[in-house]
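To start, the structure under review is shown below, and the notes come after it.
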Amino acid sequence: MSTSISSFVGKPDIRVLVIKLRHHGDMLLMSPVLETLRAQWPQATIDVLLYEETREMLSALPSINHIYGIDRKWKKLGTRQHLTKEWQLLKQLRKQHYDLVLNLADQWRSALVTRFTGAPVRIGFGFNKRKGHIWSCCHTQLASVSGHQKMHTVEQNLSIFAPFAIPTVSDVKMAWPPTAWQAVENKLKALNVSAPYIIIQPTSRWFFKCWSEEKMAQTICELQQQGFPIILTSGPDEKERAMIAEIQANCPVEGVYSLAGELTLQQLAALIDHAKLFIGVDSVPMHMAAALHTPCIALFGPSKLQFWRPWQATGEVIWAGDYGPLPDPDAIDTHTSERYLDAIPAEAVINAARKYL
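Okay, so the sequence shown: first residue is 856 according to the working numbering, each after it adds one.
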């Protein structure tokens, strides 16, 4: 352990920046890093740099002091204004005089931001694809990734603390403000729905992760006989909404409701938090359900289960690979219309769900 790192242990008021530039689910799964920092340094200032569109995943967490966002829409402003926005952000971060920067990202941009902060301790990962002088110079120390292929994403993120040799907090946290539940309550009242209810999220922005509409409708029809209202959710994309409409058209008129595309991420979290059961594919809402300890039936296809299975979840993972051959996850064409989850029989999902109703 270097002298500069060891000097932080026991120091109450350090200033920390955590950088993660990835998708929504990735942001949720890095929350244990923030909880570990807060547990070790209760009085620390903990800031986060992320992509602006993922802000809702973390913005309600009490462990964070401030969130800085890189808006990928800046590119549409033209080169000059785009560079101006980037420069303003860099200057803003440098003014914070961070003691420590934890760079969880693998982009060159994240490394350059890390270096520009001027923090005396800057820790990143020694990614195999980033072997070289520039990456090393942007950080004062690199944490090993030698065990990452056998780790869940949560564990990969937490391994950034290896140089500190401190205990880590592995719980994934999803928080939502009271206003989120108030908005959801109003929508539920309009539908004349009250808890307990079942949430089903059949969609993902990548359709190769989805189950067939027919099997999902069959599952809903069976579970509706349990007497719980069933609420269908999805993202706002028109293809996702069309998928929900097709599923709903093959379900009973009574007892099945849609809030597809109508909820913010924090409103969706509030809805999931009050649910009896969540059923969904490998997607952000599935990770939310796991974090919120809502019983969860997760349907997986050719995703890397070791990395992306629901973390510390109550419920079951149903993997299509147990029912038929799947392609290598690294060889998937993400734009394919192939439904790899179709190998999963409806009975497997129905029987698993009934255990939690």
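All C-beta atoms in this analysis are idealised placements derived from N, C-alpha and C, irrespective of residue type, glycine included.
Note that the structure is predicted; figures quoted are calculated from it, not measured.
*Are the Cβ atoms of Trp1166 and Ala1145 separated by less than 8 Å?*
In the sequence shown, counting from the first residue as 1, residue 1166 sits at position 311. In the sequence shown, counting from the first residue as 1, residue 1145 sits at position 290. Cβ distance < 8 Å, so Trp1166 and Ala1145 count as in contact.
*Find the nearest neighbour of Ile1205 within the set Ile1187, Gln1161, Cys1151, Gly1179, judged by alpha-carbon distance.*
As a working mapping, residue 1205 is identified with position 350 in the sequence shown. Closest option to Ile1205, Cα to Cα, is Cys1151.
_Whole angstroms are fine: how far does the CA of Pro867 sit from the CA of Thr1189?_
In the sequence shown, counting from the first residue as 1, residue 1189 sits at position 334. In the sequence shown, counting from the first residue as 1, residue 867 sits at position 12. Within the model, the alpha-carbon separation for Thr1189 versus Pro867 is close to 46 Å.
_Do Leu945 and Phe971 have their beta-carbon atoms positioned less than 8 Å apart in this structure?_
Against the sequence shown, residue 971 aligns to sequence position 116. Against the sequence shown, residue 945 aligns to sequence position 90. Contact flag set, yes.
*CB Leu1147 to CB Ile1127, shorter than 8 Å?*
In the sequence shown, the residue the question calls residue 1147 occupies position 292. In the sequence shown, the residue the question calls residue 1127 occupies position 272. Going by C-beta atoms, Leu1147 is nearer than 8 Å to Ile1127.
*Is it the case that the Cβ atoms of Gln1103 and Leu1087 are separated by a distance below 8 Å?*
Start at 1 with the first residue of the sequence shown, and residue 1103 comes out as number 248. Start at 1 with the first residue of the sequence shown, and residue 1087 comes out as number 232. The Cβ-Cβ distance between Gln1103 and Leu1087 falls below 8 Å.
*Which of helix, strand or coil does DSSP assign to Thr900?*
Start at 1 with the first residue of the sequence shown, and residue 900 comes out as number 45. Judged by DSSP in its simplified three-state form, Thr900 adopts strand.
*Exposure of Gln1161, with buried meaning 16 or more beta-carbon neighbours within 10 Å*: Here residue 1161 refers to the residue found at position 306 of the sequence shown. Exposed.
_Which runs of the beta strand (DSSP E) at least 3 residues long sit entirely within the stretch 997-1069? Give them in chain order._
List check, beta strand (DSSP E) in window: 1053-1056.
*What residue from Ile1054, Thr1191, Cys1065, Trp1163 has the CA that sits closest to Ala1124's CA?*
Stepping through the sequence shown from its first residue, residue 1124 is reached at position 269. For Ala1124, the closest of Ile1054, Thr1191, Cys1065, Trp1163 by C-alpha to C-alpha distance is Ile1054.
*Taking Leu1196 as the reference, which of Thr1149, Thr1023, Trp1061 has the closest Cα?*
Within the sequence shown, numbered from 1, the residue matching residue 1196 stands at position 341. Checking every option, the nearest Cα to that of Leu1196 belongs to Trp1061.
*Using a threshold of 8 Å, state whether the C-beta atoms of Ser1111 and Ile1075 are closer than that.*
In the sequence shown, residue 1111 corresponds to position 256, counting from 1. In the sequence shown, residue 1075 corresponds to position 220, counting from 1. First, the amino acid is wrong: residue 1111 is Val here, not Ser. Yes, they are a contact pair.
*Cβ of Arg1194 within 8 Å of Cβ of Cys1106?*
On the sequence shown, residue 1194 is found 339 positions in, with the first residue counted as 1. On the sequence shown, residue 1106 is found 251 positions in, with the first residue counted as 1. No, the Cβ-Cβ distance between Arg1194 and Cys1106 is not below 8 Å.
*With 16 other Cβ atoms within 10 Å as the buried cut-off, status of Arg927*: As a first step, residue 927 is located in the sequence shown; it is residue number 72 there, counting from the start. Only exposed fits Arg927, as fewer than 16 other CB atoms lie within 10 angstroms of its CB.
*Helix, strand or coil for Gly1176, going by three-state DSSP, please let me know.*
By one-based count along the sequence shown, residue 1176 stands at place 321. Gly1176: helix per DSSP, three-state reduction.
*For the beta strand (DSSP E) that contains Ala1153, what are its first and last residues?*
Position 298 of the sequence shown, counted from the first residue, corresponds to residue 1153. Where Ala1153 is concerned, the enclosing beta strand (DSSP E) stretches over 1151-1155.
_For a quick check, are the C-beta atoms of Met885 and Leu959 less than 8 Å apart?_
In the sequence shown, residue 885 corresponds to position 30, counting from 1. In the sequence shown, residue 959 corresponds to position 104, counting from 1. Yes, these two residues count as a Cβ contact at 8 Å.
_Could you compute how far the alpha carbon of Ser857 sits from the alpha carbon of Glu1069?_
Mapped onto the sequence shown, residue 857 falls at position 2. Mapped onto the sequence shown, residue 1069 falls at position 214. The pLDDT assigned to Ser857 is 45, lower than 50, so where the model puts this residue is not dependable, and the model offers no usable value.
*Expressed to the nearest angstrom, what Euclidean distance is found between the alpha-carbon atoms of Gln936 and Trp942?*
Here residue 936 refers to the residue found at position 81 of the sequence shown. Here residue 942 refers to the residue found at position 87 of the sequence shown. Looking at the backbone, the Cα of Gln936 and that of Trp942 are separated by about 10 Å.
*asked:* Can you list, in chain order, the residues of its chain with a C-beta nearer than 6 Å to that of Leu957? Leave out the 5 residues immediately preceding and following it.
replied: Indexing the sequence shown from 1 puts residue 957 at position 102. In its chain, beyond the 5 residues on either side, Val873, Ile978, Ile1015 have a beta carbon closer than 6 Å to the beta carbon of Leu957.
*At what residue ranges does the stretch 1089-1141 contain a whole run of the alpha helix (DSSP H), taking only runs of 4 or more?*
The DSSP assignment places 1093-1104, 1120-1128 as complete runs of the alpha helix (DSSP H) inside the stretch 1089-1141, in order along the chain (cut-off: 4 residues).
_Per-residue DSSP class, three states only, for Ser857_ = To locate residue 857, count along the sequence shown from 1; it is residue 2. Residue confidence is low: Ser857 scores 45 on pLDDT, short of 50, so the model does not pin down where it sits. Its coordinate-derived value is still stated next. When secondary structure is reduced to three states using DSSP, Ser857 falls in the coil class, being assigned neither helix nor strand.
*In terms of residues, what are the limits of the beta strand (DSSP E) holding Phe1083?*
Locating residue 1083 in the sequence shown gives position 228, counting from the first residue. Phe1083 -> no beta strand (DSSP E), and no H or E assigned at all.
*Assigned secondary structure, Leu959 (DSSP; H/G/I helix, E/B strand, else coil)*: Position 104 of the sequence shown, counted from the start, is the residue given in the question as residue 959. Of the three classes helix, strand and coil, the one that applies to Leu959 here is coil, per DSSP.
_Where the alpha helix (DSSP H) through Arg893 begins and ends_ = Working through the sequence shown from its first residue, we reach residue 893 at position 38. Start and end: 886-895.
*C-alpha distance - Lys950 paired with Gly973, whole-angstrom precision*: The count along the sequence shown starts at 1 and reaches residue 950 at position 95. The count along the sequence shown starts at 1 and reaches residue 973 at position 118. When rounded, the distance between both Cα atoms is 9 Å.
*What distance in whole Å lies between the Cβ atoms of Ala1030 and Ala915, which are believed to be in contact at a cut-off of 8 Å?*
If you number the sequence shown from 1, residue 915 lands on position 60. If you number the sequence shown from 1, residue 1030 lands on position 175. Ala915 to Ala1030, Cβ: 4 Å. Contact.
*Report all residues from its chain with a CB closer than 6 Å to the CB of Ile1157; omit the five preceding and five following residues, and keep chain order.*
Taking the first residue of the sequence shown as position 1, residue 1157 is located at position 302. Residue 1157 is actually Pro in this sequence, not Ile. Result list for Pro1157: Leu1181, Pro1182, Pro1184, Ile1187, Tyr1195, in chain order.
*Among Lys984, Leu883, Val976, which residue has its Cα nearest to the Cα of Val1009?*
Working through the sequence shown from its first residue, we reach residue 1009 at position 154. Cα-wise, what sits closest to Val1009 is Leu883.
_Report the CB separation of Pro1140 from Gln1056 in whole angstroms; it is logged as a contact under 8 Å._
The residue you call residue 1140 lines up with position 285 of the sequence shown. The residue you call residue 1056 lines up with position 201 of the sequence shown. Contact flag correct, Cβ pair sits at about 4 Å.
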